[in-house]
Amino acid sequence: MTEEIIVAGFGGQGVLSLGKILAYSGMMQDMEVSWFPSYGPEMRGGTANVTVILSNDRVSSPVLNEYDTAILLNQQSVDKFESKVKPGGLLVYDGNGINNHPSRKDISIYRIDAADEAAKMSTTRTFNMIVLGGYLKIKPVVKLENVLAGLKKSLPARYHHLLPVNEEAVRRGMEIVYEVAEA
Amino acid sequence: MKKELRLLKGNEAIAEAAIRAGADAYFGYPITPQSEVLEYLMMEKPEERTGMVVLQAESELGAINMVFGAAGAGRRVITSSSSPGISLFQEGISYIASAELPCVLVNVVRGGPGLGTIQPSQADYFQATKGGGHGDYHLLVLAPASVQEMADFVPLGFDLAFKYRNPVMILTDGLIGQMMEKVELFEQIPRATEFDQDWVATGKTPDRERNIITSLDLQAVQMEKRNLRLQEKYRKMQAEVRFEEIACEDAEYLIIAYGSSARVCQKTIQQARDKGIKAGLLRPVTLYPFPTKAIQVLTEKVKGILSVEMNAGQMVEDVRLAVNGKIPVEHYGRFGGMVHSPNEVLEALEEKIVKP
Chain L
288 MTEEIIVAGF
298 GGQGVLSLGK
308 ILAYSGMMQD
318 MEVSWFPSYG
328 PEMRGGTANV
338 TVILSNDRVS
348 SPVLNEYDTA
358 ILLNQQSVDK
368 FESKVKPGGL
378 LVYDGNGINN
388 HPSRKDISIY
398 RIDAADEAAK
408 MSTTRTFNMI
418 VLGGYLKIKP
428 VVKLENVLAG
438 LKKSLPARYH
448 HLLPVNEEAV
458 RRGMEIVYEV
468 AEA
Chain P
15 MKKELRLLKG
25 NEAIAEAAIR
35 AGADAYFGYP
45 ITPQSEVLEY
55 LMMEKPEERT
65 GMVVLQAESE
75 LGAINMVFGA
85 AGAGRRVITS
95 SSSPGISLFQ
105 EGISYIASAE
115 LPCVLVNVVR
125 GGPGLGTIQP
135 SQADYFQATK
145 GGGHGDYHLL
155 VLAPASVQEM
165 ADFVPLGFDL
175 AFKYRNPVMI
185 LTDGLIGQMM
195 EKVELFEQIP
205 RATEFDQDWV
215 ATGKTPDRER
225 NIITSLDLQA
235 VQMEKRNLRL
245 QEKYRKMQAE
255 VRFEEIACED
265 AEYLIIAYGS
275 SARVCQKTIQ
285 QARDKGIKAG
295 LLRPVTLYPF
305 PTKAIQVLTE
315 KVKGILSVEM
325 NAGQMVEDVR
335 LAVNGKIPVE
345 HYGRFGGMVH
355 SPNEVLEALE
365 EKIVKP
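First to last, the sequence lines map onto chains L and P. Numbers given in the working numbering equal positions in the first sequence, counted from 1, plus 287. Numbers given in the working numbering equal positions in the second sequence, counted from 1, plus 14.
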């Protein structure tokens, strides 16, 4: 099994840390993992993206131009990466601020209104964990217990009191994600 | 520190490996995309873990001359920078090579020329493998293709540097530097407590001659002798050649790529084979010495070679020297901070090598 994922959105949405927690989760599940961020000037105020690969085999190229899954968190990212999803692949997006919705017919499209949900839960900083939960509901590439172990490993000990809030966010994401179009 | 499995950035792996390799000192100056090396070292407080000195110098010129001094005292010393900073190092590197001192230099290459960009590049191949500064000298150049190798090549670099009394360069780029992968960290190697008194400048004792460390010799006859000794050493260093062959046994077409470009090309090889094109990959692990003989052996078996580098065509010159006109050799690569994708390499392989 190899899952090639791009996560993209605004800097500050937790794009890179979402990718990092995925990578840690894969590591907890004894998978080979790679995490390659955009580290350019676009990070400051603009868009950020990260390529995460989870695989049972040695990871070859950490840089790709087509993906099994795209997790897209703003309009620019939808515009840029919708066309880069492999036919039959998966696109998950947050509906907040999206005017031109993804429309391909040859991929599965799911929507998750994680920004709204995070505001409702008054934990805006768990936005990315809600998104992660939504993705894992559709594609359970890593087990929830390994996500929680990965979260624990990636967070410094002084933040461990926030683990339950994050776990709740992941579970909430699993509930609110919904299908827009099937491939 | 025991053996340990961690998820680290390439830059962090270099830093952690420097502490574990028993380095005595790191001197450096921050520059993107390798600032995590110094940041990680500062956070880890190696002076508490092993007594290792970590110092941010006032500039690259300061840093490389601190390396020169520590190496002259026989210490295990390492520095890192990125392309424009490495250019500033060059005077010092030439002096260190001439004085025959061991040290490990890390270049996390970014796009050039000039200040260029902060994105990954392999455009410093010539600078790293042909000398870099003035005079007839060579560095021993290691090219890691994974975060694991970023860690492993630090102690290897120290071993080779001391074996040959020659600076060793780890030539990597922003892609491997910024990427996180699993890495199995080796057990702590204790710092050396005794120094080779044959050549180190640690204070003269009554029972021996002075050890003079200099790169200056005003007598041309003497300087020629020094050069002959250096050339003899570079001949011996050829024994250290290292490379990896992937899917080469039945290959009809060969890709040669190192470092992050080799990772991209591994995917291209799979894609090519899915299409029925029998492609193989030769990955030089040492760029100096260059795996000339391995390429010559494969030249007898394949129809053409594509040298895939994130530059405008540098290593391809060494490949052509090895092949000596026997089969077609072409270059492909994005550059200036752009990274080619596996599909782009496959297209180039078909266009430039398979089709003609």
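Even glycine gets a Cβ: it sits at the ideal position worked out from N, Cα and C. This structure is a prediction, so every number in the text was calculated from the model and none was measured.
Cα atoms of D166(P) and A31(P): separation of roughly 7 Å, rounded to the nearest angstrom.
In this chain, the beta strand (DSSP E) harbouring N121(P) covers C117 to V123. The contact set of S304(L) on chain P, defined by CB atoms closer than 8 Å, is empty, because the minimum CB distance reaches about 12 Å. Cβ-Cβ separation between Q284(P) and L295(P): approximately 10 Å, too far for a contact (criterion under 8 Å). Listed by position along chain L, the residues whose Cβ is nearer than 8 Å to that of Q192(P) are F323, P324 and Y326.
With 16 or more other CB atoms across the displayed protein chains lying within 10 angstroms of its CB, N415(L) is buried.
Taking 8 Å as the upper bound for CB-CB distance, A293(P) and A286(P) are in contact here, some 4 Å apart.
Closer than 9 Å at the C-beta level to chain L, one finds these residues of the segment 329-357 of chain P: G351, V353, H354, S355, P356 and N357. Cβ-Cβ separation between L320(P) and L363(P): approximately 5 Å, consistent with a contact (criterion under 8 Å). Residue ranges of uninterrupted alpha helix (DSSP H) with 4 or more members, entirely inside the segment 346-416 of chain L and ordered along the chain, are 362-368 and 401-407. Looking at I110(P), V123(P) and Y178(P), the one whose alpha-carbon comes closest to that of P47(P) is V123(P). DSSP places V168(P) in the uninterrupted alpha helix (DSSP H) bounded by V161 to Y178.
One thing to note: G460(L) has its Cβ no nearer than 8 Å to the Cβ of M315(L). Neighbours of M314(L) in chain P, taken as residues at a C-beta separation under 7 Å, are given in chain order as L21 and K196. Every unbroken stretch of the alpha helix (DSSP H) spanning 4 or more residues and falling wholly within the segment 278-350 of chain P is given here in chain order: 306-313 and 329-337.
No Cβ of chain P is located within less than 8 Å of the beta carbon of L419(L). Boundaries of the beta strand (DSSP E) around E290(L): T289 to F297. Under the 8 Å criterion on CB atoms, V278(P) is classed as interfacial with respect to chain L.
Identification of chain L residues near Q284(P) by a Cβ-Cβ cut-off of 8 Å yields S347, ordered along the chain.
For L189(P), the nearest CB of chain L lies under 8 Å from its own CB, placing it at the interface with that chain.
Per DSSP, the beta bridge partners of A39(P) are V67(P) and V91(P). Along the segment 391-419 of chain L, there is no position whose C-beta sits under 9 Å from a C-beta of chain P. Around the beta-carbon of G88(P), 16 or more other beta-carbon atoms lie within 10 Å, marking it buried.
For a Cβ distance threshold of 9 Å, nothing in chain P lies close to Y446(L): the least Cβ distance comes to about 17 Å. Pairing N343(L) with S101(P), the inter-Cα distance amounts to about 41 Å. Per DSSP, the continuous beta strand (DSSP E) segment holding T338(L) begins and ends at T334 to S342.
DSSP, read as helix, strand or coil, puts M194(P) in strand.
For A310(L), the nearest CB of chain P lies under 8 Å from its own CB, placing it at the interface with that chain. Listed as beta-bridge partners of T186(P) by DSSP are V122(P). Annotated as proximal: L119(P) and P181(P), with beta-carbon spacing under 8 Å.
Counting along the chain, L309(L) sits inside the alpha helix (DSSP H) bounded by residues V302 to M315.
Annotation: Cβ neighbours of E319(L) in chain P (cutoff 9 Å, chain order): E195 and K196.
Within the DSSP bridge table, the entry for R445(L) names no partner. Under the three-state reduction of DSSP, R240(P) is assigned to helix. In this structure T216(P) is exposed. Its beta-carbon is surrounded by fewer than 16 other beta-carbon atoms within 10 angstroms. The residue among I184(P), G65(P) and V343(P) with its C-alpha nearest the C-alpha of E365(P) is V343(P).
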